[in-house]
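Position one of the sequence shown corresponds to residue 53 (the numbering used here), numbered consecutively onward. Remarks on the structure that follows.
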Amino acid sequence: MIKLIVTDLDGTLLNDQHQVPERFWEIADRLFTNGVKFGIATGRPHFSITESFGAIMNDIYAISDNGSFIVHQQTEILTKPLPSDLVKQLVITARQVPGAWPVLCGKEQWYIETSDEALIEHIRIYHKQYTIVDDLTKVDEVILKMSVCDLAGAEQNTYPYFKHFENELQVATGGSIWLDVTRPDANKGEAVRMLQKLHGITPEETLVFGDFMNDYEMMKAATHSYAMKNAYPKIIEAANFVTEKDNNEAGVLEVIERLVFKETAAV
Numbered sequence: 053m054i055k056l057i058v059t060d061l062d063g064t065l066l067n068d069q070h071q072v073p074e075r076f077w078e079i080a081d082r083l084f085t086n087g088v089k090f091g092i093a094t095g096r097p098h099f100s101i102t103e104s105f106g107a108i109m110n111d112i113y114a115i116s117d118n119g120s121f122i123v124h125q126q127t128e129i130l131t132k133p134l135p136s137d138l139v140k141q142l143v144i145t146a147r148q149v150p151g152a153w154p155v156l157c158g159k160e161q162w163y164i165e166t167s168d169e170a171l172i173e174h175i176r177i178y179h180k181q182y183t184i185v186d187d188l189t190k191v192d193e194v195i196l197k198m199s200v201c202d203l204a205g206a207e208q209n210t211y212p213y214f215k216h217f218e219n220e221l222q223v224a225t226g227g228s229i230w231l232d233v234t235r236p237d238a239n240k241g242e243a244v245r246m247l248q249k250l251h252g253i254t255p256e257e258t259l260v261f262g263d264f265m266n267d268y269e270m271m272k273a274a275t276h277s278y279a280m281k282n283a284y285p286k287i288i289e290a291a292n293f294v295t296e297k298d299n300n301e302a303g304v305l306e307v308i309e310r311l312v313f314k315e316t317a318a319v
């Protein structure tokens with residue numbers, strides 16, 4: 053029986069307009085009624101999850117910033133910030149990438165050092181809580197994640213500049229134009245394992261969904277690991293299953309209805 057479900061958001065649970073499928077809410081209520089633990093694991097910040105899922109925040113595990121921050125019932129149960137000295141190195145490195153912008157992701161807001169409308173437009177897709185500062189290396193706040201927005205392509209253009217950090221940090225593309233850097237022990241897979249340990253749930257009792265490389269470790273944390281039909285090829289290779297429908301067809305919900313509720317009805 054599935055006892056824990058964790059899903060990514062963009063490209064996974066959400067459609068390409070970043071909207072929650074209408075029937076999600078009824079399905080979520082059924083999961084809670086049946087005692088199934090539910091988590092959202094995303095590269096987005098916590099406050100972005102709250103904006104979209106405020107009505108059920110006390111019922112879910114909000115895993116934000118690629119596993120660097122976990123909140124449940126308004127209580128922080130995990131925080132893994134980046135070391136401040138490494139934040140400065142990451143910002144300096146990001147400034148060297150042609151046409152890319154560094155973004156520091158804090159608990160309450162994001163920090164950028166440009167008013168370029170192209171960057172702001174892409175941030176506003178996820179939330180509106182950002183501050184423009186003169187120098188990101190002087191931001192004196194807890195930083196959970198450093199992201200780079202690169203319209204030329206995060207994997208092709210930005211990743212080569214950060215590859216050498218992989219010996220001491222977690223470096224992963226979070227989408228076609230986003231590269232994310234977190235602590236090496238901060239990823240969605242570790243977050244899933246923490247919830248499994250917390251509730252005595254096994255990988256065989258866990259169902260996860262993802263579509264991009266920041267979901268890679270999560271695919272290894274569950275027996276029922278589903279890559280979206282629209283997923284990045286390496287995630288499809290890493291997952292044990294692939295959804296029959298993509299994110300625009302509510303592929304996540306189709307699997308939950310078919311796998312979880314079918315099980316529940318049989319018990």
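We put the CB at the ideal spot given by N, CA and C, even for glycine.
task: Going by DSSP, name the residue or residues bridged to M198.
output: L156 and V233
message: For F118, count the other beta carbons within 10 Å of its own beta carbon; 16 or more makes it buried, fewer makes it exposed. Which is it?
response: It is worth fixing the name first, because residue 118 is Asn in this sequence and not Phe. Answer is buried; the Cβ neighbour count reaches 16.
message: For a quick check, are the C-beta atoms of T295 and M280 less than 7 angstroms apart?
response: In this structure, M280 lies closer than 7 angstroms to T295 by Cβ.
task: Classify Q248 as buried or exposed, calling it buried when 16 or more other Cβ atoms lie within 10 Å of its own Cβ.
output: buried
field: H179, DSSP secondary structure in three states
entry: coil
- prompt: Can we say the segment 302 to 311 touches the segment 237 to 251, given the rule of at least three CB pairs closer than 8 angstroms?
  reply: Look at the beta carbons and you see the segment 302 to 311 not touching the segment 237 to 251: under three pairs across the two are nearer than 8 angstroms.
task: Compute the distance between the beta-carbons of Y113 and G91, then report whether it is under 7 angstroms.
output: yes
field: Nearest-angstrom Cα separation, counted from V200 out to A152
entry: 7 angstroms
field: Nearest neighbour of D111, chosen from L56, D168 and G262 [CA to CA]
entry: L56
Cα-Cα separation between A206 and E173, rounded to whole angstroms: 17 angstroms
- request: With L311 as the anchor, note down where its alpha helix (DSSP H) starts and where it stops.
  value: Taken as a continuous stretch (DSSP letters only), L311 belongs to no alpha helix (DSSP H), as it is neither H nor E.
task: Grab me the residues of T210's own chain with a C-beta within less than 7 angstroms of its C-beta, minus the 5 sequence neighbours each way, in chain order.
output: V149, A152, V200, D202 and L231
task: For I108, I'd like the list of residues in its chain whose CB is within less than 7 angstroms of its CB, leaving aside the five on either flank, ordered along the chain.
output: A80
query: Alpha carbon to alpha carbon, what distance is there between P255 and Q161?
result: 33 angstroms
task: State the start and end residues of the unbroken alpha helix (DSSP H) segment that holds F121.
output: Note, F121: premise wrong, no alpha helix (DSSP H); beta strand (DSSP E) at F121 to H124.
query: From A291 to L196, what does the alpha carbon distance come to, in whole angstroms?
result: 27 angstroms
- request: Please list, in chain order, all residues of the same chain as G63 whose beta carbon is under 8 angstroms from its beta carbon, the five residues on each side excluded.
  value: Cβ within range, chain order: G227, D263, F264, M280, N282, A283 and N299.
- prompt: In whole angstroms, what is the alpha-carbon distance linking G95 and N266?
  reply: 8 angstroms
task: Taking the CB atoms as reference points, tell me whether A238 and S120 lie closer together than 7 angstroms.
output: yes
query: So V233 packs on F214, CB below 8 angstroms; how close in whole Å?
result: The pair is a contact, with the Cβ atoms about 6 angstroms apart (cut-off 8 angstroms).
- request: Compute the Euclidean distance between the alpha carbons of K240 and E269, then round it to the nearest angstrom.
  value: 6 angstroms
field: Outcome for R235 when other beta-carbon atoms lying within 10 angstroms are tallied against a minimum of 16
entry: buried
- request: Compare the C-alpha of G194 against each of Y163, Q71 and K272 and name the closest.
  value: For the record, residue 194 in the displayed sequence is Val; it is not Gly. Of the candidates Y163, Q71 and K272, the one whose C-alpha sits nearest the C-alpha of V194 is Y163.
query: How is L221 classed by DSSP in three states: helix, strand or coil?
result: coil
message: Less than 6 angstroms between C-beta atoms, sequence neighbours within five positions excluded: which residues of the same chain meet that for A273?
response: Here the set comprises G241, V244 and R245.
- request: On the DSSP bridge assignment, give the partners of G262 in chain order.
  value: A279
query: When burial is assigned at 16 or more other CB atoms within 10 Å of the CB, is G8 buried or exposed?
result: Residue 8 lies beyond the range of the chain shown here (53 to 319); nothing can be said about it.
task: List the endpoints of the continuous beta strand (DSSP E) containing K140.
output: K140 -> not in any beta strand (DSSP E); alpha helix (DSSP H) instead, spanning S136 to A146.
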